[in-house]
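Reviewing the structure listed below.
4 protein chains.
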Amino acid sequence: MIIIFNSHATKDNVQELIADIHAKGLKTNLSEGDNTTIVGVIGDTTKLDIDNLKSADYIADVKRVSEPYKKANRKMHPENSYIKVTDKVTIGEGIFNVIAGPCSVETEEQIIEVAQDVKKSGATLLRGGAFKPRTSPYSFQGLAGEGLKLLLEAKKATGLPIVTEIMNLVHLDMFNDVDVIQVGARNMQNFDLLKELGKCNKPILLKRGLANTIEEWLMSAEYIMAGGNENIILCERGIRTFETATRNTLDIAAVPMLKHKTHLPVIIDPSHATGISWMVPQLAKTAVAAGADGIMVEVHNDPPKAWCDGAQSLNPKQFDDLMTDLKRRVEFEGKKFYI
Amino acid sequence: MIIIFNSHATKDNVQELIADIHAKGLKTNLSEGDNTTIVGVIGDTTKLDIDNLKSADYIADVKRVSEPYKKANRKMHPENSYIKVTDKVTIGEGIFNVIAGPCSVETEEQIIEVAQDVKKSGATLLRGGAFKPRTSPYSFQGLAGEGLKLLLEAKKATGLPIVTEIMNLVHLDMFNDVDVIQVGARNMQNFDLLKELGKCNKPILLKRGLANTIEEWLMSAEYIMAGGNENIILCERGIRTFETATRNTLDIAAVPMLKHKTHLPVIIDPSHATGISWMVPQLAKTAVAAGADGIMVEVHNDPPKAWCDGAQSLNPKQFDDLMTDLKRRVEFEGKKFYI
Amino acid sequence: MIIIFNSHATKDNVQELIADIHAKGLKTNLSEGDNTTIVGVIGDTTKLDIDNLKSADYIADVKRVSEPYKKANRKMHPENSYIKVTDKVTIGEGIFNVIAGPCSVETEEQIIEVAQDVKKSGATLLRGGAFKPRTSPYSFQGLAGEGLKLLLEAKKATGLPIVTEIMNLVHLDMFNDVDVIQVGARNMQNFDLLKELGKCNKPILLKRGLANTIEEWLMSAEYIMAGGNENIILCERGIRTFETATRNTLDIAAVPMLKHKTHLPVIIDPSHATGISWMVPQLAKTAVAAGADGIMVEVHNDPPKAWCDGAQSLNPKQFDDLMTDLKRRVEFEGKKFYI
Amino acid sequence: MIIIFNSHATKDNVQELIADIHAKGLKTNLSEGDNTTIVGVIGDTTKLDIDNLKSADYIADVKRVSEPYKKANRKMHPENSYIKVTDKVTIGEGIFNVIAGPCSVETEEQIIEVAQDVKKSGATLLRGGAFKPRTSPYSFQGLAGEGLKLLLEAKKATGLPIVTEIMNLVHLDMFNDVDVIQVGARNMQNFDLLKELGKCNKPILLKRGLANTIEEWLMSAEYIMAGGNENIILCERGIRTFETATRNTLDIAAVPMLKHKTHLPVIIDPSHATGISWMVPQLAKTAVAAGADGIMVEVHNDPPKAWCDGAQSLNPKQFDDLMTDLKRRVEFEGKKFYI
């Protein structure tokens, strides 16, 4: 349920109503925008008398929110959310951020070299996997803690904030210097992981599951937000369908659909979406046109020799060419590459 | 199998080889581009001795084509195909065409009014359904022959060439003045219909089936081409997936994938892809960025009163706004709205 | 809407009400069962006053039928439908029929030999394709009219009624001696074909489309029934999903779901469902346990040499072993192999 | 790679070869069946000289195993695996086990009552959720540790071994008295969880993910087995498809496919597969006919009042009727309800 206040409502009006609602055992979500103040109510809203509320002169309207996600719902929070990663990097509507880096951290030389290359080309964040989700137990599982250290070396060397995936809650301590924690597609409904990440306040990059609906995805965001952490960036990485020509099927319509339903930023991962490097640039362009707030691209200094996902990685030259093109496109959309 | 000729090969070299191949019971496909002459061979290519062919001094190379589609294959026909609809309207790479019009032809007033509106906004072809594929036998089935007549009235009134769907071969005679014949998604594998359309030489707009792979789609194009009609425009209209937030899931990656595999033009139908009118403009923009050769959009003068698909139709004002925006985008891509 | 009459209602009560309803421009569907008489109403039922109807003393109840399919709806027709194929062969609840035969009719010797083998093993109908739906225009398209003739030869030789697929309305005349006309998966939404088949009264075997929902499937049956032909047998042949280990995914739950929603008989095609011959017997067994009214199985005298679908065909020995096992199972379910 | 020994090979022959292989840094999997001894080799098998191996007189054959799963592969382990749960309960080919119980443990009274009911009807294991995977953070999350205690009370009261889901590794200690640990569909690719479960030796019930292929499923089993725990029972619970009439689509063909590819037992969960209680009995019957080694069914004493999944739960009477029918069916298949 959302309660929309009149423009003349005072801060006291708002606070008193919130206190009343809490007294009834419900939770509230306060959204103070430029134009409107909205109190979202979460819980058994049958306890509230809609007519009674509407009759208050400082209340403009009261509406039931039928979607199961509340904190993530744009109705509760009409203003776009901006996720501050560092003083220099913010992710959200109007700014186009590019996260780039290799599938896995392999060696110190590799990760620093790629970091320097992508930074030069205009990437604003560095990605790299230390803990890798591999379908086979016999595949390279990532350098784990050592991988995180190397990522931090690359961060020191370039100043790029880092995004990396967490696979196991027991590793959470090791992520203190990680700027954005990624929840992989296969963990989108690892509810205990989401609850735990709800307790920290680091930005979370939440990838959509292989075959999860937009509603389920927003409910996973809701898990994290319900825990207290509202810093979520959604990442569309392709969904599983019958088509086998590409690794997944990029659901480009998810971008405008999410912009409509939620206030959280949305980016696209064209590398996992297709699985084919030559297609990555074209899909990155469609991401800009679709209104996405950024992309996450796999870049490796020598893709044929990559320890994983080489087939979908761009080399530094290809990435640089793409960035040159994306800059014109981002400008064309009236957005900025940097805040 | 494709046989690539050396630049110094003469027309006689080419013709003699073609004759030899025919004598063995195989078919050929001659592709004379600016730079290269290629003869594609279709049939039991085990009858040909690759080494023998390669040894001829006028032959540069011989490669087996593993894809089951041949005539539709870019390897056989490296140059982009241009489908000439009228003296003024050609569909293909570098030109962005917009097909617009209502889901169904309803009345003379409606179709002429919409035709005038969309023409004014820059559409280059008019669509309208006379024979409607409805899931229910109790739904409006279209005005049939009467609908075709009204479409032709609109064509006379505006000069816009028309695109309309054929549901039944027995109606083919009625389509003489139709400029582009549409094969609907549900008829993409109506093989007898495809064979018959292969015998005429009108441009065919071939929609992808609800759950057909890109390969099956190109094989359906192959059916028409094998019949002798190479004038095909492919139309991506969304595929069926588990996601129910949109009517279908637009497979935007199909555009670059098709540009890679085939020489045939590709357009997008953002109306059927989403089923939601407010999403149509955003997806039309991604179509431009994806490299599509055009879009087909449903436009109705009064969507809430449309006899079908009102929920996904734009009104003339919305269409006009979209066209204003698309023009800048098409220019940005270095393409033209008109040949 | 369904109007349920009281047990004391007279034939006059029923006929008068039907006449009134027709006068309002609506259609009716009379279902006189052992226990209840139901009149189903199709059309704009807002024209009828439910309260008024309910107040009549000979009417027990009036319910709106929300499903878009009416004639196919079990609410309109609570009794199971029995499709009479010949004096000896009827398809429906309580009887388990086995349709068997090769994917394609190849030669007179092949079709007669297979027909004799499957008959000996207990098949009640013979299948064989004369017009084949092939994804590729270069694949064997079937013997067409010649194939139909050979099928009829096999029918004469064995007495087995025949089931064969129609691909094109222009061939309908050639199907006069065909006992059951099959509509293939790729033609399930070829609405013009369905309308035409609604005008004849031959039994129609309606295969489910590759990615069509149960509701769409029943609406396709509704097309045929609305035309006047109520003799439909539904055939589940696997649906398209992300899993590639089998050719399709057999939707076994479709059987009980359909038995719940419709009065039409339901059979399973385990050959196309899996595409793998060794899996066919196991799935045929699940078909019996699921409550299906029969199966359709591909049998070829020499599968490795079959002109199509050899990989999923059983040889006569395998078919005979399967039939021996199925007989016990059908008995176990309290059903019969023959009427 | 699998190395198949001749019938006259000695234990020394086998052990020496295994030692040689280990010395090269590879792992082995010894399978000593009634008829054949097979050593499976896992790792970079290019280090082994196939011809050299084949030349040894005590080796019958050497084959490369192309599937990425090895330990789970029937080629490596031709004999069926039997998972011993307790002295009285073993799960595997030839025995049909029924796991039954409520979706969630709610109260002591509820869980004990249901346990007693299902035991009386012939269930061999009790299920009940203490940690519930809920799509919404606002839904009942389960009684957690308290729920496990109540389950153990029910185990004491009835002697039924218990199956319950683990959501988080930090809870593993609490599972000491749990007989079978369940990995839910949404955690099928929670690789860190699988690795950890590979270190204990409790039987693991591994549910198939919503949209995971059979190969990915076996690779998840491989994760657990590679860790050292080979006690895995696979559970098919329906996959996600375009069809919305049922909650999921039961992939019944997965049963024979898995029996072909792996030696691990396979059961079916008809409750989650359909989401509709009246369909559960029919699908349980098809499970028996498909060759499954058991089913897992949700049973609640008062489904309309269940705290979750009431719509798909059977009440005790319905469960009892189903069990009566299943017993005849299991006997018919020549299997046993008890070891």
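Protein chains in written order, with the working numbering: chain A, 47 to 385; chain B, 47 to 385; chain C, 47 to 385; chain D, 47 to 385. We put the CB at the ideal spot given by N, CA and C, even for glycine.
Report the partner residues of residue 383 of chain B according to the DSSP bridge assignment.
-> DSSP lists no partner for residue 383 of chain B.
Runs of beta strand (DSSP E) wholly within the region 212-272 of chain B (minimum 3 residues, chain order) = 226-229 and 250-253
Contact set between residue 291 of chain D and chain C, taken where Cβ atoms lie within less than 9 Å = 259, 260, 261, 299, 300, 303 and 307
Contacts around residue 356 of chain B, its chain only, beta-carbon distance under 7 Å, and the 5 residues preceding and following it disregarded = 346, 349 and 350
Under 8 Å between C-beta atoms, does residue 237 of chain B make it to chain F?
-> Absence of chain F from the displayed structure is noted, the protein chains being A, B, C and D.
Looking at chain C, which residues of the region 144-156 of chain B have a Cβ within less than 9 Å of any of its Cβ atoms?
-> none
With 16 as the cutoff for other CB atoms within 10 Å, does residue 61 of chain C come out buried or exposed?
-> exposed
Nearest to residue 155 of chain C by CA position, among C/196, C/166, C/136 and C/133, is which residue?
-> C/196
With distances taken between CB atoms, is the gap from residue 280 of chain A to residue 330 of chain A smaller than 8 Å?
-> no
Just mark residue 290 of chain A as buried or exposed, buried being the case when its beta carbon has 16 or more other beta carbons within 10 Å.
-> exposed
According to a CB-to-CB cut-off of less than 8 Å, which residues of the region 321-348 of chain C neighbour chain D?
-> 324, 325, 328, 329, 331, 332, 334, 335, 336 and 337
In terms of alpha-carbon separation, which member of D/198, D/261 and D/380 lies closest to residue 157 of chain D?
-> D/198
Can residue 85 of chain D and residue 99 of chain D be called in contact, C-beta distance under 8 Å?
-> no
Proximity below 8 Å, CB of residue 174 of chain A to CB of residue 210 of chain A | yes
Mind listing which residues of the region 85-104 of chain C have their C-beta closer than 9 Å to chain B's C-betas, in chain order?
-> 88 and 89
Pull up the distance between the alpha-carbon of residue 255 of chain D and that of residue 164 of chain B, whole angstroms please.
-> 48 Å
Consider the Cβ of residue 82 of chain A: report whether some Cβ of chain C lies at a distance smaller than 8 Å.
-> no
Where the alpha helix (DSSP H) through residue 319 of chain D begins and ends = 316-320
Verify whether the separation of the beta carbon atoms of residue 341 of chain D and residue 322 of chain D is less than 8 Å.
-> no
Measure the beta-carbon distance from residue 91 of chain D to residue 122 of chain D and round it to whole angstroms, keeping in mind my assumption that it falls under 8 Å.
-> Incorrect: roughly 12 Å between the Cβ atoms, too far for contact.
Under a CB-based cut-off of 8 Å, is residue 122 of chain B close to chain C?
-> no
Along the chain, where does the beta strand (DSSP E) that runs through residue 342 of chain C open and close?
-> 340-344
When you compare only the Cα positions, how much space is there between residue 294 of chain B and residue 149 of chain D?
-> 33 Å
The region 370-384 of chain B: which residues have C-beta closer than 7 Å to a C-beta of chain A, in chain order?
-> 378
Identify the contact partners of residue 233 of chain C in chain B, using a Cβ-Cβ distance below 7 Å as the criterion.
-> 236
Tell me the DSSP bridge mates of residue 89 of chain D?
-> DSSP, once it has assigned bridges, lists no residue as partnering residue 89 of chain D.
Under 8 Å between C-beta atoms of residue 252 of chain A and residue 226 of chain A = no
Taking the continuous beta strand (DSSP E) assigned at residue 75 of chain C, which residues delimit it?
-> 73-78
In chain order, what residues of the same chain have a beta carbon less than 8 Å from the beta carbon of residue 215 of chain B, not counting five sequence neighbours either side?
-> 238, 239 and 242
With DSSP collapsed to three states, give me the class of residue 8 of chain A.
-> Outside the shown range of chain A (47 to 385) lies residue 8 of chain A, about which nothing can therefore be said.
Neighbour flag for residue 313 of chain D against chain C, beta carbons, 8 Å | no
Interfacial residues, the region 263-287 of chain C to chain A, with Cβ spacing under 7 Å | 286 and 287
Is the CB of residue 295 of chain B under 8 Å away from at least one CB in chain A?
-> yes
Straight-line CA distance for residue 257 of chain C to residue 49 of chain D?
-> 43 Å
8 Å Cβ shell around residue 244 of chain A - same chain, five flanking residues per side excluded | 269, 270, 271, 272, 273, 274 and 275
Is residue 170 of chain B closer than 8 Å to residue 144 of chain B when the C-beta atoms are compared?
-> yes
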